[in-house]
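To start, the structure under review is shown below, and the notes come after it.
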DNA sequence: GTTTGACTTCGAGCACGCTCTAAGGGCGAC
DNA sequence: GTCGCCCTTAGAGCGTGCTCGAAGTCAAAC
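Chains as they are written, first to last, in this note's numbering: chain A, 18 to 133; chain B, 18 to 133.
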């Protein structure tokens, strides 16, 4: 599929897709006869995974590291798993922090409701 | 108290405290005889509140807007409350999103555990 | 055959939120 | 008095993650 189609389906812009490829976050996507990028379903799955890592706050640098390990082969599976586990803990901690902040916010809003 | 002490107690750097003052996020802090900033407890409370807004992802621009409203007086209380309520919804949505991402991550980690 | 439009690469530019530097002032310790 | 240190202001610089622009290619539409 074309870069526009991949952009539409991944929710990323075509600019961003090219950028991700440039920095090695996605492998060199197949090119068709014209030299245009030709994405397939597996590319989209990988993009969806990346998007989830991004949305949970993983840095581009760490995602690149993960992508490198993946390309390096099966012997890096354990290190990848450890990366994900460490990241998982960060996400859990972030949720806990936000949950605390949310109740502080609720408290503050309540005082506004009472005084106005 | 000195800027260093305020930095230590707020968890922000002295650079950041000056920056916040410059952009109007905190009012012009009192100066002592030497022209040095002299923070008081209310300044610290305000910084703690700002820090909480920041940590929940409110932009500096929105925090400035809130600070402006606060300085404008009691008649802006309702608008401030509405700002906080809108922000509250964003935070709640973010927690929901992260919670979903967390289980996706857990699922991925589980597949790693099973295949290695 | 030329216009349109989507694609290519590569590098510059931008928004955000700091973070640091330069240049200078003032005070205490020696 | 001079060294050291912390403060001041104003403005430049930086890291991150895009986002955009320039210059050029190619194929289909008219």
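Yeah, the Cβ is synthetic: ideal placement off N, Cα and C, and Gly gets one too.
Asked, Found
"Contact with chain B by residue 46 of chain A, beta-carbon distance below 8 Å", "no"
"Bridge partner(s) assigned by DSSP for residue 54 of chain A", "A:48"
"Where the alpha helix (DSSP H) containing residue 104 of chain A begins and where it ends", "94-132"
"Segment contact flag, the stretch 94-105 of chain A with the stretch 124-132 of chain B, C-beta cutoff 8 Å, min 3 pairs", "yes"
"DSSP three-state assignment for residue 18 of chain A, whether helix, strand or coil", "coil"
"Own chain partners of residue 48 of chain B with C-beta closer than 8 Å, once the 5 adjacent residues on each side are dropped", "54, 55"
"Cross-chain neighbours of residue 96 of chain B in chain A, by beta carbon under 8 Å", "Correct list: empty, because the minimum Cβ distance to chain A is about 10 Å."
"Buried versus exposed, by CB contacts within 10 Å (16 or more), residue 124 of chain A", "exposed"
"Assigned secondary structure, residue 73 of chain B (DSSP; H/G/I helix, E/B strand, else coil)", "coil"
"When A:22, A:23, A:114 are compared against residue 69 of chain B, the one with the closest alpha-carbon", "A:114"
"Simplified DSSP assignment, three categories, for residue 86 of chain A", "helix"
"The alpha helix (DSSP H) enclosing residue 34 of chain B, as first and last residue numbers", "31-39"
"8 Å Cβ shell around residue 74 of chain A - same chain, five flanking residues per side excluded", "107, 108, 111"
"DSSP three-state assignment for residue 64 of chain B, whether helix, strand or coil", "helix"
"Selection of the stretch 38-65 of chain A by Cβ proximity to chain B, strictly under 7 Å", "none"
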